[in-house]
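*Asks:*
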DNA sequence: CAATCCTTATTTGTATGATAATTTGGCCAG
DNA sequence: CTGGCCAAATTATCATACAAATAAGGATTG
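Protein chains in written order, with the working numbering: chain A, 1 to 251; chain B, 252 to 502.
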């Protein structure tokens, strides 16, 4: 796409990862997620990347392997590295999600997340009510207590995240755990998406308590209902964007 | 775990991937997923892996980077590579899922998948009914037609998978697409989990047709109901294992 | 002209050896 | 006992070379 002599300059070093191959992977990953290299496109070859980043081929190759492992690329001899179709991207991977967030309309991102949360979290709560171990219940309970204590300070986001992650873990289904990443990202960055920071904190605590109590006494039905109400009534969420006609789909 | 001179011998070359670093990654990945190296354990260092597999350090490092990118490992200088906790594993990654399936009780795997499918697929169908593009509808429709044609032969698994994947794509939510891997794995290997191969093929086609029609005319409610019935009534699934008391959780 | 085979060029894959950077753990001094 | 300094182990990076795969074009032949 830009095989010229002075390509992107691809600003490195801005992201935190201390290792070079990590930085390179982040940079290339960001470029893919932001559409600089679209699915199907052939990336610059390894030698080019070396020049671009001033790194050794070893380092570049490790970065490429990282991206390949996340489903963004596929390399073949004599061809080079081609960007994989979107459905192969490992979007629930921590890094991929971060890159995705960096180059996406925040409201659209948030709407997509909430759409999935509304589907999953009530059922997750129900499963947790049925399958939780005592230890898992304790983890949920402790997170809730921390939420309550931290109520005064606005930094209740940490315990809040822990609460939802603990709930997810208590559902005891491996295929649900990947969503922790998504939930975490949504909750920790919520203030960036919604205008107000901690919306309706007075409703906030009781609703979480409702989930906790239902899970404690093993009532799937009540847990489902409580979790649903947390995501719909109180809103925590942005109800301005209709979940439906999100985007007419350019194609 | 086995730092002796004659370690695992870790049979390579059995899996298809032609590249060496791929084979090494697969072998180590399998060992992690099968519990040879548990979360928190320190893996052999790079030099050891080189001896074990008879590969160069370059190759071993690329394999390690691959596994790191999938969330199975984390490497630190002077420490080595440590197996990450399970919740960080990228279980919806194609490879990780394959390794997981290779070392798991098939019925437990299938039960977990169906549990998630019952949660998601009705809502996926509903979203598809609301958000599908004409092209996406056509893809669903074509997959269904292929299913019907292939009805005589038992190899309807291909079109069946395509049908569900097309439905998933039509939901138009990036955070749902990762489940395609899981659904694909479940459907293509179903005959290994259930005793009978294509259970109740007479119900099979009409139920899929019900989903298609609902999606076509944009009825979320009907689509949800049809998708749910496909997963509960007909059973496609194994109802012998109660979804609840799966496993008392050894901890 | 058409089809087939062969050569060649390009790109990734693997190997080797060396050096740098990081950090644990122990040693040593106060 | 405490603090800081030193050494060892391990990953991180670099440079170079060769191997393997394969796409593309050219030579050969029908």
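Think of the CB as a built atom: it goes at the ideal place given N, C-alpha and C, for glycine as much as any other residue.
All figures in this text were calculated on a predicted structure; none of them were measured in a lab.
Might you give, ordered along the chain, the residues of its own chain that have their beta carbon closer than 6 Å to the beta carbon of residue 184 of chain A, omitting 5 neighbours on each side?
*Replies:* For residue 184 of chain A, where only same-chain residues beyond five positions count, the Cβ hits under 6 Å are 161.
*Asks:* Can you look up residue 167 of chain A in the DSSP assignment and give me helix, strand or coil?
*Replies:* Three-state result, residue 167 of chain A: helix.
*Asks:* Show which residues of chain A have a CB atom less than 7 Å away from the CB atom of residue 367 of chain B.
*Replies:* 173, 175, 176, listed in chain order.
*Asks:* In terms of residue numbering, what span does the beta strand (DSSP E) encompassing residue 325 of chain B cover?
*Replies:* 324 to 327 is the extent of the beta strand (DSSP E) around residue 325 of chain B.
*Asks:* According to DSSP, is residue 27 of chain A helix, strand or coil?
*Replies:* Residue state, collapsed to three classes: helix.
*Asks:* Are residue 90 of chain A and residue 397 of chain B close, meaning C-beta to C-beta below 7 Å?
*Replies:* It is not a contact, given that the beta carbons lie outside the stated cut-off.
*Asks:* Flag this pair as yes or no: are the beta carbons of residue 220 of chain A and residue 129 of chain A separated by less than 7 Å?
*Replies:* It is a contact, given that the beta carbons lie within the stated cut-off.
*Asks:* State the start and end residues of the unbroken beta strand (DSSP E) segment that holds residue 332 of chain B.
*Replies:* Segment 331 to 334, the beta strand (DSSP E) holding residue 332 of chain B.
*Asks:* Please list the partners that residue 434 of chain B has in chain A, where partner means a Cβ-to-Cβ separation under 9 Å.
*Replies:* Those within 9 Å of residue 434 of chain B in chain A number zero; the least Cβ separation is about 10 Å.
*Asks:* How many angstroms separate the CA atom of residue 101 of chain A from the CA atom of residue 109 of chain A?
*Replies:* Whole-angstrom Cα-Cα distance: 7 Å.
*Asks:* Taking all protein chains shown into account, do 16 or more other C-beta atoms lie within 10 angstroms of the C-beta of residue 122 of chain A, making it buried, or fewer, making it exposed?
*Replies:* Looking at its Cβ environment, which holds 16 or more other Cβ atoms inside 10 Å, residue 122 of chain A is buried.
*Asks:* Is the stretch 314 to 328 of chain B touching the stretch 280 to 297 of chain B, taking contact as three or more C-beta pairs under 8 Å?
*Replies:* Because the criterion of three Cβ pairs below 8 Å is met, the stretch 314 to 328 of chain B and the stretch 280 to 297 of chain B touch.
*Asks:* Of the choices A/217, A/98, A/28, whose alpha-carbon is the least far from that of residue 61 of chain A?
*Replies:* That would be A/28, whose Cα lies nearest to the Cα of residue 61 of chain A.
*Asks:* Strictly under 7 Å for the Cβ-Cβ distance: is residue 90 of chain A near chain B by that measure?
*Replies:* It does: the Cβ of residue 90 of chain A has a partner Cβ on chain B nearer than 7 Å.
*Asks:* Would you mind telling me which residues of chain B sit closer than 7 Å to residue 210 of chain A, beta carbon to beta carbon, in chain order?
*Replies:* Those within 7 Å of residue 210 of chain A in chain B number zero; the least Cβ separation is about 21 Å.
*Asks:* Shorter than 7 Å from the beta carbon of residue 62 of chain A to some beta carbon of chain B?
*Replies:* Closer than 7 Å: yes.
*Asks:* Less than 6 Å between C-beta atoms, sequence neighbours within five positions excluded: which residues of the same chain meet that for residue 164 of chain A?
*Replies:* So the list reads 183, once near-sequence residues are dropped.
*Asks:* Under the three-state reduction of DSSP, which class applies to residue 42 of chain A: helix, strand or coil?
*Replies:* Residue state, collapsed to three classes: strand.
*Asks:* Could you tell me the alpha carbon to alpha carbon distance between residue 363 of chain B and residue 133 of chain A, rounded to whole angstroms?
*Replies:* Going from the Cα of residue 363 of chain B to the Cα of residue 133 of chain A covers about 17 Å.
*Asks:* Could you say which of A/31, A/141, A/87 lies nearest to residue 428 of chain B if we only look at CA atoms?
*Replies:* Comparing Cα-Cα distances from residue 428 of chain B to each of A/31, A/141, A/87, the minimum goes to A/87.
*Asks:* Over what stretch of residues does the alpha helix (DSSP H) that includes residue 89 of chain A continue unbroken?
*Replies:* No alpha helix (DSSP H) contains residue 89 of chain A, which DSSP labels as neither H nor E.
*Asks:* Report buried or exposed for residue 317 of chain B, applying the criterion of at least 16 other Cβ atoms within 10 angstroms of its Cβ.
*Replies:* Label assigned to residue 317 of chain B: buried.
*Asks:* Can you find a C-beta in chain B that's less than 7 Å from the C-beta of residue 112 of chain A?
*Replies:* It does: the Cβ of residue 112 of chain A has a partner Cβ on chain B nearer than 7 Å.
*Asks:* Under 7 Å, do residue 53 of chain A and residue 83 of chain A count as touching if we go by C-beta distance?
*Replies:* Contact flag unset, no.
*Asks:* Are the C-beta of residue 472 of chain B and some C-beta of chain A separated by less than 7 Å?
*Replies:* It does not: the Cβ of residue 472 of chain B has no partner Cβ on chain A nearer than 7 Å.
*Asks:* Quick one: using the 10 Å Cβ neighbour count with 16 as the cut-off for buried, is residue 9 of chain A buried or exposed?
*Replies:* Bear in mind that a pLDDT of 43 at residue 9 of chain A, under 50, signals an unreliable position, so the model cannot answer this.
*Asks:* Using a beta-carbon distance cut-off of less than 7 Å, what residues from the stretch 80 to 110 of chain A approach chain B?
*Replies:* Those residues of the stretch 80 to 110 of chain A that come within reach of chain B (Cβ to Cβ, closer than 7 Å) are 87, 90, 91, 92, 93.
*Asks:* State yes or no: is the C-beta of residue 118 of chain A within less than 7 Å of the C-beta of residue 231 of chain A?
*Replies:* Their beta carbons are under 7 Å apart, which means residue 118 of chain A touches residue 231 of chain A by this criterion.
*Asks:* Assuming residue 419 of chain B and residue 409 of chain B form a contact by the criterion Cβ under 8 Å, report the distance between their Cβ atoms to the nearest whole angstrom.
*Replies:* 16 Å between Cβ atoms; not a contact.
*Asks:* Once DSSP output is grouped into helix, strand and coil, what is the label at residue 217 of chain A?
*Replies:* Three-state result, residue 217 of chain A: coil.
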